[in-house]
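Each residue of the sequence shown is one higher than the last, beginning at 303 in the numbering used here.
A quick write-up on the structure given underneath.
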Amino acid sequence: MRNEDYMEIALHLAREAGQSGEVPVGAVLVKEGHIIAKAANAKETNTDATAHAELLALQMAARKLQTWNLRDLIMYVTLEPCVMCAGAMVNARLGKLIYGTKDKKAGAAGSVFDVARCPALNHQIQVESGVLEKECSELLSKFFINLRRDGRVGRRRSTRNRVGG
């Protein structure tokens with residue numbers, strides 16, 4: 303399979319996440335041409351700020367391969383990883399990261415920060431960007447346009463249902 307084929311799988315996962323109310327991001331981990339793990343954002347579903355597609359996929363791959371060291375794997379993700387995810391990739395010794403579109407507000411693989419290739423860290427990740435960039439970017443743009451249109455962005459949830467609130 304080609305890079306575009308794996309990114310299409312990540313896009314499919316991202317679309318499903320978006321339909322569930324999650325920010326539409328999908329991630330696929332590949333080793334020697336075989337998909338080892340795949341995940342989509344699940345922050346809202348899991349009520350967990352760390353339930354990013356990249357972290358979930360890294361966790362699945364580590365369990366499946368029974369090792370935290372993922373140096374032989376390539377991650378395909380629709381959006382440039384944030385600092386948290388890029389840091390986890392460095393700690394997991396990920397071999398290569400291929401992402402679709404840049405995150406100009408929080409990207410940590412070259413856009414805002416470059417955690418993935420920081421020479422001060424004990425591991426650097428090969429990074430490639432722009433695979434199906436248009437499709438990845440459009441999916442995210444449409445999601446956020448719809449959120450704004452529906453009035454769900456910037457509106458705080460009621461504090462009545464919160465613990466201690």
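All C-beta atoms, glycine included, are put in the ideal place defined by N, C-alpha and C.
Predicted, not measured: the structure shown is a model, and the values here were computed from it.
Apart from the five residues just before and just after residue i, which ones in its own chain have a Cβ nearer than 8 Å to its Cβ?
i    : result
S439 : G402, T403
K407 : V414
G412 : E382, K404, A418, R419, V429, S431
Count the other C-beta atoms from every protein chain shown that fall within 10 angstroms of the C-beta of residue i, then say buried if there are 16 or more, exposed otherwise.
i    : result
I447 : exposed
M303 : exposed
A351 : exposed
For residue i, I'd like the list of residues in its chain whose CB is within less than 7 Å of its CB, leaving aside the five on either flank, ordered along the chain.
i    : result
E318 : A342
E324 : A342, N343, A344, K345, E346, T347
Kindly indicate which residue of the options has the alpha-carbon position closest to the one of residue i.
i    : options                : result
M391 : C420, D452, L441       : C420
D470 : I337, L442, R395, N424 : A question about residue 470 goes unanswered here, because the residues of the chain that appear run from 303 up to 467.
E306 : E437, V385, T352       : E437
R365 : D452, K340, K398, G453 : K340
V330 : E310, T349, S322       : E310
H354 : C387, V417, I338, W370 : C387
V433 : S322, L381, L372       : L381
L315 : Q368, N393, E356       : E356
Report the partner residues of residue i according to the DSSP bridge assignment.
i    : result
E437 : DSSP lists no partner for E437.
K340 : V330
Identify, in the order they occur along the chain, each residue of the same chain with its Cβ nearer than 6 Å to the Cβ of residue i, setting aside the five sequence neighbours on each side.
i    : result
G320 : P326, F445
K398 : I376, Q428
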